[in-house]
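K.L.:
Those protein sequences? They're chains A and B, same order as listed.
Quick note on the working numbering: the first sequence kicks off at 13 and runs consecutively.
Quick note on the working numbering: the second sequence kicks off at 227 and runs consecutively.
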Amino acid sequence: GNSVTQMEGPVTLSEEAFLTINCTYTATGYPSLFWYVQYPGEGLQLLLKATKADDKGSNKGFEATYRKETTSFHLEKGSVQVSDSAVYFCARAPNDYKLSFGAGTTVTVRA
Amino acid sequence: GAGVSQSPSNKVTEKGKDVELRCDPISGHTALYWYRQSLGQGLEFLIYFQGNSAPDKSGLPSDRFSAERTGGSVSTLTIQRTQQEDSAVYLCASSLGAGAGANVLTFGAGSRLTVL
């Protein structure tokens with residue numbers, strides 16, 4: 013099965029709302045964890061990453077903390093904007109560097 | 227080059243035809259990935275090349291799919307006898323393959339394949 017499980021979408025929310033996208037991973041080895049984002053009409057790009065337990069990745073107001081005890085890497089943003097509308101992918105990389113991605117969560121932010 | 231370049235950007239073909247999709251990774255990136263993104267679905271891993279090592283082909287969905295990487299740079303994904311279920315966006319990505327940047331993938335814009 014997939015080694016990354018993320019919250020199913022779609023998620024629709026209003027501007028300035030709080031966003032959380034849940035992501036859990038299989039705890040084999042000591043993987044690095046990532047969030048990638050795909051904006052409409054664009055290719056995937058790295059949003060943030062964390063390489064070890066308790067690390068917090070952050071970028072563009074988004075944050076995610078590597079939680080080994082709950083095998084989670086939930087993405088959060090305190091106040092979303094319309095420009096945050098995108099598909100968000102959680103990803104895991106074990107020691108052999110091959111990434112496996114979650115199914116993606118579509119987020120739509122309404123003005 | 228400055229980014230990962232894929233061609234063609236769009237390909238429409240008839241069922242049963244063969245197609246080739248090309249990927250030019252970032253210069254110096256030793257790792258190269260192919261993924262498939264189908265409508266309404268997530269990213270499906272297809273194949274992974276790392277330097278001169280044997281590729282990880284564990285994600286190829288059938289023997290109609292093959293890929294090669296010549297000279298450790300350009301890669302070609304070939305789909306033989308295409309079927310309608312092969313319709314998808316095929317994404318190529320590359321990374322440094324070692325060190326802190328090993329897992330930071332840079333993706334191309336993708337090749338959208340439509341099989342009629």
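The beta-carbon is built from N, C-alpha and C at its ideal position, and this holds for glycine as well.
(1) Please list, in chain order, the residues of the segment 82-114 of chain A that have any C-beta partner in chain B closer than 7 Å.
(2) Determine the closest residue to A:Ser15 out of A:Glu88, A:Ser44, A:Thr32, A:Tyr51, with distance taken between C-alpha atoms.
(3) Return helix, strand or coil for A:Ser95, following the three-state DSSP convention.
(4) Output the boundary residues of the beta strand (DSSP E) element that contains A:Thr38.
(5) Does the segment 66-82 of chain A come close enough to the segment 235-246 of chain B that 3 or more CB-CB pairs lie under 8 Å?
(6) So A:Phe101 and A:Tyr48 are in contact, right, with Cβ under 8 Å, and what is the actual spacing, rounded?
(7) What does the alpha-carbon distance come out to for the pair A:Arg104 and A:Tyr42?
(8) Please list, in chain order, all residues of the same chain as B:Arg248 whose beta carbon is under 6 Å from its beta carbon, the five residues on each side excluded.
(9) For B:Val330, which residues in chain A fall below 9 Å Cβ to Cβ?
(10) Excluding the five sequence neighbours on either side, which residues of its own chain have a C-beta within less than 6 Å of the C-beta of A:Thr17, listed in chain order?
(11) Using beta-carbon positions only, say whether A:Cys83 and A:Thr38 come within less than 9 Å of one another.
(12) Just the chain B side, please: which residues come within less than 9 Å of A:Gly116 by C-beta, in chain order?
(13) Does the distance from the C-beta atom of B:Gln306 to that of B:Asp250 stay below 9 Å?
P.N.:
This is what the structure gives:
(1) Phe101, Ala105, Tyr109, Lys110, Leu111, Ser112, Phe113, Gly114
(2) Mapped onto the first sequence, residue 15 of chain A falls at position 3. With distances taken between Cα atoms, A:Ser15 lies closest to A:Ser44.
(3) For this step, residue 95 of chain A is matched to residue 83 along the first sequence. If DSSP states are grouped into helix, strand and coil, A:Ser95 belongs with the helices.
(4) Stepping through the first sequence from its first residue, residue 38 of chain A is reached at position 26. Element bounds for A:Thr38: n/a, residue is neither H nor E.
(5) no
(6) Sequence index remark: in the first sequence, residue 101 of chain A carries index 89 (1-based). Sequence index remark: in the first sequence, residue 48 of chain A carries index 36 (1-based). Confirmed, about 4 Å.
(7) Counting from 1 along the first sequence, the entry for residue 104 of chain A is found at position 92. Counting from 1 along the first sequence, the entry for residue 42 of chain A is found at position 30. When rounded, the distance between both Cα atoms is 10 Å.
(8) Your numbering for residue 248 of chain B matches position 22 in the second sequence. Closer than 6 Å at Cβ, skipping near neighbours: Ser233, Thr302.
(9) Numbered from 1 along the second sequence, position 104 holds the residue referred to as residue 330 of chain B. Residues of chain A passing the Cβ test: Phe46, Leu58, Lys61.
(10) Here the question's residue 17 of chain A lines up with position 5 in the first sequence. Around A:Thr17: Thr36.
(11) Counting from one through the first sequence, the residue named residue 83 of chain A turns up at place 71. Counting from one through the first sequence, the residue named residue 38 of chain A turns up at place 26. Looking at the sequence shown, residue 83 of chain A is not Cys but Thr. Less than 9 Å divides the Cβ of A:Thr83 from the Cβ of A:Thr38.
(12) Residue mapping note: residue 116 of chain A aligns to position 104 of the first sequence, counting from 1. Against chain B, a Cβ distance below 9 Å from A:Gly116 picks out Gln263, Gln267, Gly268, Leu269.
(13) Position 80 of the second sequence, counted from the start, is the residue given in the question as residue 306 of chain B. Position 24 of the second sequence, counted from the start, is the residue given in the question as residue 250 of chain B. No. Outside cutoff.
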